[in-house]
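**Q** Numbering-wise (this note's numbering), the sequence shown opens with residue 12 and increments by one.
Would you mind keeping the following structure in view while I ask a few things?
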Amino acid sequence: MGSTRLEKVVFALNGGRYEVAGADVHPGTTLLEFIRTRTPFTGTKLGCGEGEA
Numbered sequence: 012m013g014s015t016r017l018e019k020v021v022f023a024l025n026g027g028r029y030e031v032a033g034a035d036v037h038p039g040t041t042l043l044e045f046i047r048t049r050t051p052f053t054g055t056k057l058g059c060g061e062g063e064a
């Protein structure tokens, strides 16, 4: 089985369009980290950090 490579992700956040190339982001980056560091929404909070069982 070969490795899978992410080319890009495109998403909308509060009316803005964001495009992320796979080579531009470390694979371990969370969506929260991305939003805080790459968008104007630096005050974004983590709600819980764990799912419910």
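Beta carbons are placed, not taken as given, at the ideal position from N, Cα and C, and that holds for glycine.
These figures come from a predicted structure and were not determined experimentally.
Look up Gly24 in the DSSP assignment and give the residues it is bridged to.
**A** First, the residue type needs correcting, since residue 24 is Leu and not Gly in the sequence shown. The partner list for Leu24 (beta bridge, DSSP) reads Gly27.
**Q** Taking all protein chains shown into account, do 16 or more other C-beta atoms lie within 10 angstroms of the C-beta of Phe45, making it buried, or fewer, making it exposed?
**A** buried
**Q** Whole angstroms is fine: what's the gap from Thr50's alpha carbon to Leu43's?
**A** 10 Å
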